[in-house]
Amino acid sequence: MQASHFSDATERIPVTVLTGFLGAGKTTLLNHWMQQAGMEGVAVLVNEWGEVGIDHHLVEHSEDNMVLLDSGCLCCQTRGDLVGAFQTLFERSARGDIAPLTRVIVETSGMADPVPVVCTIMDERFVRARYHCDGVVAAIAAPHGLAQLQRHPETLRQVVAADRLLITQCDRASSSDIQALAMRLQALNPQAGQVLVRHGRAPIDVVTGAGLYAAPHANLAAPLPRWFGAGGLFGKVLSDEPQRVLPEEGLPLHRGHTLAQSRVHSPSVASFVVPLESDIPWFGLSLAMGRILQDHGHRLLRVKGLVGLGEHDRPLAVHCVQNVAYPPVRLHRWPDDPRFAQRRGCLVFIAQGLDAAQQQDIRERLAQPPSDRAALRTAAGMADLPTRCWMQQRVAMQHGRHMQHQSWVVVPR
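Be aware that the sequence shown starts at 1, since it is given in the UniProt record's numbering, and climbs by one per residue.
This is the structure:
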C-alpha cells in the first residue's frame, strides 16, 4: 500500500477555504487581513455568483495575487477554473513573477457548498501534490445567522463543514442574539472553535491551523477532545445515545424529553455515535464506510472518529463531510482519556433527515465489515469509492479471528 500523500503536508502550500452566506462579511474580513504585515505571499481566489463580479474589486490587494473565478459557483461548474487557478499561481510563483506563495485563501460565493472545494484540493492530482487544506473557516452574521440557518440549507452546510466559525457583525447585534447564535452553532458543530468579530476585524491567525491537517507531524492526541467537541459529543463518545439538535433552541435533546416538548422540525439534525471494535479490519472498514457515504452521504453533514488498529498503539483519525472522505491522519498516541482506555475507536455522525432505519443500516454495516482481503478485492473495481484515499494507508492486514476446532487452528480467509 502507498503511504498517505498527507505525510509531506508541511512542505506544501496551505489553503484556507473562507465560506459564509451572502452578507456575512467575507470581503470585509479579507480586506482587513490583506492590510496586515507579512501578507505579501498570500494569494486570494475569489469566487462570485452572478453575471458581473464585483467583490474582487473591493479587496485591497495586489492584482498579481488576486484571481477572480466568475464563470459559476465553485460547488457547481467552476472546479476546473479552480484547478487552473492553483496551477497558474504555482507556476507564476516558481518563475518569480510573483512573491513566493506562503498561503492561498479561497473565498467562496455566498451560495457555495465548501465541500467540493475541499474535495478539489484533496483529490485533484496537481493540486494535492503542491497544496494542502489548512481548514475551512465560515463567517456567520450575528444579526441574520439564525434566520439564514433556518431558511437557507447552504448556510447549514457551510457551518457544519467548518473547522472554525467567525460570528461577524457583533457590533450590530444584541448580546442575546449573539448568545443564541453561538449556542445554535455549538449544537450544530461542537468541534469548531468560535470567534466573535466586531467591525470586520479578526486576527489573521484565525485562518491558520484550523483543520486536522494543519500540523500533520505534531502530536495531535492532546487537542483531540477539542476536535471532537469537548463537553459536547466528545463527552458521550463511547455512548450510542442519540442527540437531536433543535432548529429553534439549538440545544441537544436527550432521552426523557417528549416530542411535544422538543418541537422538532423536519428534516431534523441529529447526532449519534457508533463504537468500533479494537481489532476492526481497516480495509474492511474503509469499504463499508465508502459504501455508507455513497448511499447516505447527502444526509451525512459530518463524520469524525478514531479507529484502533489492533495491537498498533497509534490510532487513525478519520473525517468525512457529506460524501467526501478526507485522508486519515495517524496520531502519535491515543488521547489521555479514560473513555479510550480500551483502545476502542468510534465514529461520531451528524446527519440531517436520517431516519431510524437508515441509522440502523449504518450501525450494522460498521458492526460487520468485510475482511481485509475481500475488501481489497472489491474496492479494486470501484474507482469512485469515496474512501479510496483510506486504502492508501500502510496498515497491516487483519486475517480474521482464529477459531479453535479439535486441536486445529482455523484462520478465516
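Idealized CB from N, CA, C, for every residue including glycine.
- Taking the Cα of residue 87 as reference, the smallest distance to any Cα among 43, 297 and 160 is reached at 43.
- At the C-beta level, residue 160 and residue 302 come within 7 angstroms of one another.
- Along the length of the region 271 to 323, whole beta strand (DSSP E) runs at least 3 residues long occupy 300 to 309 and 312 to 321, reported in chain order.
- Uninterrupted beta strand (DSSP E) stretches at least 3 residues long and entirely within the region 341 to 391 occur at 346 to 352, given in chain order.
- Taking 7 angstroms as the cut-off, the beta carbon of residue 299 is found closer than this to the beta carbon of residue 352.
- Scanning 379, 380, 309 and 359 for the CA closest to the CA of residue 394 turns up 309.
- Contact check for residue 372 against residue 315 fails: the beta carbons are separated by 7 angstroms or more.
- For the pair residue 40 and residue 34, the Cα-to-Cα distance works out to about 8 angstroms.
- The region 357 to 370 makes no contact with the region 324 to 338: fewer than 3 CB pairs, one atom from each, lie closer than 8 angstroms.
- In this structure, residue 155 keeps its C-beta atom at 7 angstroms or more from the C-beta atom of residue 197.
- Between the beta-carbon of residue 115 and that of residue 133 there is about 11 angstroms, and that puts the pair past the 8 angstroms contact cut.
- Taking 8 angstroms as the upper bound for CB-CB distance, residue 192 and residue 164 are in contact here, some 6 angstroms apart.
- Assignment of beta-bridge partners to residue 170 by DSSP yields no partner.
- Contact between residue 21 and residue 110 holds, with the beta-carbon distance rounding to 5 angstroms and staying under 8 angstroms.
- Judged by DSSP in its simplified three-state form, residue 18 adopts strand.
- Residue 377 and residue 369 have their C-alpha atoms spaced approximately 14 angstroms apart.
- In the structure shown, residue 98 falls within a coil segment according to DSSP collapsed to helix, strand and coil.
- In the structure shown, residue 135 falls within a strand segment according to DSSP collapsed to helix, strand and coil.
- Counting along the chain, the unbroken beta strand (DSSP E) around residue 105 starts and ends at 103 to 107.
- Per the C-alpha coordinates, the member of 108, 332 and 295 positioned closest to residue 138 is 108.
- Per DSSP, reduced to three states, the secondary structure at residue 202 is coil, with no helix or strand assignment.
- Taking C-alpha positions only, residue 386 is separated from residue 345 by approximately 21 angstroms.
- Of the other Cβ atoms in all chains shown, fewer than 16 fall within 10 Å of the Cβ of residue 176; this residue is therefore exposed.
- Around residue 13, the same chain offers 90, 101, 102, 103, 104, 130, 131 and 132 as residues with beta carbons nearer than 8 angstroms, after the five sequence neighbours per side are excluded.
- The C-beta separation of residue 83 from residue 127 comes to about 6 angstroms, placing the pair in contact by the 8 angstroms criterion.
- Residue state for residue 193 is assigned as strand, using DSSP reduced to three classes.
- Residue 141 places its beta carbon less than 7 angstroms from that of residue 23.
- Membership of residue 156 in the alpha helix (DSSP H) is indicated by the continuous run 153 to 160.
- Listed in chain order, the non-local C-beta contacts of residue 19 below 6 angstroms within the same chain comprise 108, 114, 138 and 158, local neighbours out to five positions each way being set aside.
- Residue burial is scored here from C-beta neighbours: residue 203 has fewer than 16 other C-beta atoms within 10 angstroms and is therefore classed as exposed.
- Under the three-state reduction of DSSP, residue 147 is assigned to helix.
- The residue among 186, 307 and 190 with its C-alpha nearest the C-alpha of residue 278 is 307.
- Annotation: the continuous beta strand (DSSP E) that includes residue 45 extends over 42 to 47.
- Each residue's CA atom was taken as its position, placing residue 123 and residue 28 some 30 angstroms apart.
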